[in-house]
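Report on the following structure.
Chains as they are written, first to last, in my numbering: chain W, 1 to 517; chain D, 518 to 1034.
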C-alpha cells in the first residue's frame, strides 16, 4: 500500500479525466501525473533523499495537491505546517522534523522568511505562490518546467509517509508519524463506508495541512475522483465553487457550517443540486446547528466523521443521517467504528465500561499512527496496551454509536458532578442570540470548578448573561448551567477551526494547577 | 487487520440482526458470536495451538461459516478442502498442510474415513453433518454446547490466516498462504468498489471452500451484512432462496449461470426484486451468455470480478455493466485494477507491453499471497520481481480495462499464429445448439498445434461438426476455427466450475511434450 498508487491507477484508467480544478486552472490526471513526476524530480535535485521530510506552509492550492503526491513519489515524507501557528511554533515544528525543504506560498512568505534563519536543517525554500519569487527561493513553476520527471520510488507499507504536527493547542506540537499503510487503510475503510463513490467531485476547503482534509480526500484519490480546491473558506466562494465545479462532497467543520448558515449569501438562489454529502467533524456539532444545516441543504447527507491525526484520521462514521431518509435520532452521534477500526470505551484501568457510561475512547487498527516523532515516552503513553488513547470522553449506545461528551481535559468537575462542556454549549447554541460559544471550568472556592461560558453574540442581539443562564435552565440541569458568562467578539480558533479552550482557561488558571480527569 | 474484527464490530453495533440463514436455521450475530467463541474453545480443547491448520471438507452450511470465524478466533489457520478432489488429492493436501483437526459433513464422511489413516498429523476429526456422528469422530453440536467460549486470540496482519490449496487441475495442488492482511485488504478494496452496501444479504452458493466465495463474502462481513447459505448449487433452490431470504448479492460462475438460464424453473414467476448484483468470475463469460443473463435478470448488475486464490482473491472489477444503466461495450471485459491492486500486462521479460497487446497479467499489492506453503522455488518463480505472475494472458485498453484472452498455457499456437481458446469458445457458444464447449490445442504435424473443440450439445439439437465449423467461420478468422470437433455429454469441471482442459488434452499429448508460451 502506498499513497501514489491511486494516481498510478488513475493514469492507467482515465488519464484524460479532469483531476484538479483551482480557480481558473485545471489539470487532467495525465497533466497532474506529469507535474508530480517533475516536481518529484526537482525535489530530488534539491537534495531530497528517501525518508527526508519536506515541509509546506501554504493556503490551499492545486500545488498543495501536487506536493502531497510528489513528495512520496520522490521518496520523501510530507510535513504540512499549520498556517495559523506563530513563528515560534512553526520554527519548533521545522526544527523538530528536521525538514530539509520548505515550500511556501505568497501569504506565508513573510513568516517563512522570519523562521528560516532559525531552522538549521533547511537546504532550500521553494516559493509556490503566484507572485514574484523572493530572492533566495526557487520558483515552483521554473522547477517543475526544468526538472526531469522522476520515477516513483514506491516507498510503501510501514515506510513513513507523513509527519503531521498536532496538539499545538496545549504546549508544543508533537509530530505524528503516519505510514503509507496508516493513510491507505483509513482511506480504504472510508471508501468501504461509501464516502467516495466513483465519479464524485471532492472540494478541498478545509485546510489542506490538516488530517481532516487529507483523510477525507484520500478515498476520493482511490476512487480516481476530481479534486476541486478553494484557497480558504469563505461562504460565498464556497457556494460559488460548489455550483461551478458541480461539487458532490465537501468537508466542513461546525464553525464553517455556522458561518455559512449565518451569511447573507445563502439567500441567493444557486444550483447546488450536485452536492450530496457534507462531512462534518474536527469538533462536535450542536443539535441546533445540525437541524439548521439539514433545513438549509435539503437532500444533502450530513455525515459525521470523528477522528484525529493519530488515526490517519478515521475513528467513527455516522452514516445514518443521510439526505432524504434522514434519521435524526442519532444525528449528533459521532457514529460507529469505521470499517477497519476497533474502538472501545474504557475506564482509567483500560477496562471496557458498560454501554451508556462515559469513558475514554481507545482505538486499534491498521490506521493507528506509528508514534510521535522523537518522543518515545509520549508514544508509549498514547499507545499503551496496543490501543491509541484519544483523550476524548464518550459513551456508546446499544447500537455501537458513540456520543462524544468532551475532551477529557475539557470536562468540568463542579461540586463533585461531571459537567460536559459540549452539553452546555449545545444548550447555549439553541438561543437565537448566540453566534458561538465555549464553556470552560474556572476555579471556584465553593465548587472546585465552576461552569463558565464565553459567548459571541449575533449582531443586533444584546441578550444578557442572566437571560442566557435562564435559557440554559430550560434545557439542562441546574448544576450544569453556567455560573458566569463573559461576552467576546470572537473565540480563539485553531487552524482546523477548533476552539482553543486552553487559551480561554489560561488567565483563570494562571496561578493554580487544574486537575484533569 | 484481522478476519474476526468484522464479527466483533457486528457484535458491537447490531448483535440482534440476523447474521446467518441456512435452510430453516437462522442465527443473530449475538448467537453466531457465541457459537464461534464456543467452537474456538472446543478446537483449543482438541489441541489447536496458534498457527495450527484446521481442515474442512464439507458442502456449504452455516457451520462452514462458523468454522471460517472460529478457527482464526482460536488462533488457528483455516484449510478448506476442495470437495471434488479425489482421495489422493485430499490426502496430499492434508499431509502437506499438516492439518491437525478435520471437520467433515455427512456427504464427505466416506472419503474422510478413507483418507484419515493416511494423514499422520490428524489428531481429531469433527463431524459437522446433521446425521448421526460416526464412531471415532466428535459431534459438532456436542462440542459447541459443552465447550467454554474462548477469547479471541487476535492473530493479525502478517500472521497466516488461511492455507488454500489450488492448482489441482494440473499436478498436485499447492497451498496458498494468505495472511490476515491479504484477506482483509482484498475485502476492503471490494467494499470501496461498492460491492457490499450495508444492509445487503449475500448468498453463499458457490462452494465455500473456494477463494471466490470467501473473497466476495468478505466485504459483506465487513459491512455487517446477512449471510444466506445454500448447501450446493441447484437452479430451483437458488431462485427459491433468493426469493425467501431477499438475497441482494450472489456470486455465480458462468457454468452456473448457463445451467440457471437453461433450467425450466426460470419460467416460473417469482419475486426476485431483492436481487441487485450477480458477481461472476472464476472463468471468462461469453458474450452470448452475458446477453442472455442480462435479458433474464433485468435490473440486476452483472459485475465481473477477476482474481485468483493467490490474490486473496481480488485483481480486477468490471463495474460498468450495472443494472439499468448497462453499458455492454466493456461487458465481457474483466474490468480494471481493484482499489488496492497494481496490475500490469507484461512480456516474458517483465516489461509492460503497449495497450492492446497480449501479455501476462502481473499484480502487486497488500492482497498478494505470502507464498506457496513449503515451496520456496515455486514461490520465488510466481512472485519474481515482487509481482504475482498470474499465468493469465490479457490485453489492456486505453481505459485500463483488461480482456483476458486465455490462460497462457491454454493458448494454442497453430501455424505460428496465437489462437486464444476463449475467443473460439465464444464463437461456438453463439450457436443455439451448443450447451457448453472447451477448445484445446492438439498435436498436428502440419500446424504444430491444431484447434480442437469439445462440445456438449443442447438436448434436442444434433448440430454436426461441419455445421459448427461453418458457424465459427462467420465469427472468427479461418485459422482460429476448430479443425476438429468431438461431442461429449459433459465437460470435466473443477470444484469451482472451471473446465479441466488439462484433462481434455491428456489423451492427445500423452506421448509428447507440449510447448507452453
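Cβ atoms here follow ideal geometry from the backbone N, Cα and C, with glycine treated the same way. These numbers were taken from a predicted model, which means no experiment stands behind them.
Residue span of the alpha helix (DSSP H) that contains residue i, given as start and end
{"i": "residue 699 of chain D", "result": "697-709"}
{"i": "residue 1025 of chain D", "result": "1018-1026"}
{"i": "residue 30 of chain W", "result": "29-45"}
{"i": "residue 731 of chain D", "result": "728-740"}
{"i": "residue 476 of chain W", "result": "Looking at the DSSP string, residue 476 of chain W is not in any alpha helix (DSSP H), and its letter there is neither H nor E."}
{"i": "residue 95 of chain W", "result": "87-97"}
{"i": "residue 954 of chain D", "result": "It is not in any alpha helix (DSSP H) - residue 954 of chain D instead sits in the beta strand (DSSP E) that spans 951-961."}
{"i": "residue 583 of chain D", "result": "579-590"}
{"i": "residue 59 of chain W", "result": "No alpha helix (DSSP H) holds residue 59 of chain W; DSSP gives it neither H nor E."}
{"i": "residue 256 of chain W", "result": "254-262"}
Where residue i meets chain D, residues with beta-carbon distance less than 7 Å
{"i": "residue 538 of chain W", "result": "Nothing can be reported for residue 538 of chain W, as the shown portion of chain W is limited to 1 through 517."}
{"i": "residue 369 of chain W", "result": "Per Cβ cutoff of 7 Å: no residues; residue 369 of chain W is ~16 Å from chain D at best."}
{"i": "residue 366 of chain W", "result": "518"}
Within-8 Å CB hit, residue i to chain D
{"i": "residue 8 of chain W", "result": "yes"}
{"i": "residue 360 of chain W", "result": "no"}
{"i": "residue 50 of chain W", "result": "no"}
{"i": "residue 459 of chain W", "result": "no"}
Residue j beta carbon less than 8 Å from that of residue i
{"i": "residue 681 of chain D", "j": "residue 670 of chain D", "result": "no"}
{"i": "residue 739 of chain D", "j": "residue 695 of chain D", "result": "no"}
{"i": "residue 65 of chain W", "j": "residue 227 of chain W", "result": "yes"}
{"i": "residue 817 of chain D", "j": "residue 793 of chain D", "result": "yes"}
{"i": "residue 858 of chain D", "j": "residue 880 of chain D", "result": "yes"}
{"i": "residue 250 of chain W", "j": "residue 190 of chain W", "result": "no"}
{"i": "residue 283 of chain W", "j": "residue 480 of chain W", "result": "no"}
{"i": "residue 982 of chain D", "j": "residue 941 of chain D", "result": "no"}
{"i": "residue 975 of chain D", "j": "residue 951 of chain D", "result": "yes"}
{"i": "residue 119 of chain W", "j": "residue 138 of chain W", "result": "no"}
{"i": "residue 83 of chain W", "j": "residue 57 of chain W", "result": "yes"}
{"i": "residue 590 of chain D", "j": "residue 641 of chain D", "result": "no"}
{"i": "residue 336 of chain W", "j": "residue 316 of chain W", "result": "yes"}
{"i": "residue 769 of chain D", "j": "residue 736 of chain D", "result": "no"}
{"i": "residue 1000 of chain D", "j": "residue 980 of chain D", "result": "no"}
{"i": "residue 1 of chain W", "j": "residue 156 of chain W", "result": "yes"}
Distance cut-off 7 Å: residue i Cβ against heavy atoms of the ligand ATP
{"i": "residue 184 of chain W", "result": "Although the ligand ATP was asked about, the structure shown includes no ligands whatsoever."}
Bounding residues of the beta strand (DSSP E) (the contiguous stretch that carries residue i)
{"i": "residue 1003 of chain D", "result": "1001-1004"}
{"i": "residue 570 of chain W", "result": "Because chain W is modelled from 1 through 517, residue 570 of chain W falls outside the range shown and cannot be assessed."}
{"i": "residue 760 of chain D", "result": "Segment 752-762 is the alpha helix (DSSP H) holding residue 760 of chain D; no beta strand (DSSP E) there."}
{"i": "residue 802 of chain D", "result": "Element bounds for residue 802 of chain D: n/a, residue is neither H nor E."}
{"i": "residue 935 of chain D", "result": "934-936"}
{"i": "residue 414 of chain W", "result": "412-414"}
{"i": "residue 227 of chain W", "result": "226-229"}
Residue-level contact to chain W via CB, residue i, 8 Å cutoff
{"i": "residue 518 of chain D", "result": "yes"}
{"i": "residue 831 of chain D", "result": "no"}
{"i": "residue 1025 of chain D", "result": "no"}
Partner residues on chain W for residue i, Cβ-Cβ distance less than 7 Å
{"i": "residue 522 of chain D", "result": "342"}
Please name the residues in the segment 194-224 of chain W whose beta-carbon is closer than 9 Å to at least one beta-carbon of chain D, in chain order.
-> Those would be 194, 196, 197, 198, 219, 222, 223, in chain order.
Going along the chain, which residues of the segment 846-857 of chain D sit with their C-beta nearer than 7 Å to a C-beta in chain W?
-> Of all residues in the segment 846-857 of chain D, only 853, 854, 856, 857 come within less than 7 Å of chain W when Cβ atoms are compared, listed by chain position.
What residues in the segment 785-816 of chain D bring their beta carbon closer than 8 Å to a beta carbon of chain W?
-> With the criterion set as a beta carbon lying under 8 Å from some beta carbon of chain W, the segment 785-816 of chain D has no members that meet it.
Taking Cβ-Cβ distances below 9 Å as the criterion, which residues of the segment 742-753 of chain D are in contact with chain W?
-> When CB distances to chain W are screened at a threshold of 9 Å, not a single residue of the segment 742-753 of chain D falls below it.
Of the residues that make up the segment 169-193 of chain W, which ones have a beta carbon closer than 7 Å to any beta carbon in chain D?
-> Against chain D - using a Cβ distance shorter than 7 Å - the residues of the segment 169-193 of chain W are 188, 189, 191, 192.
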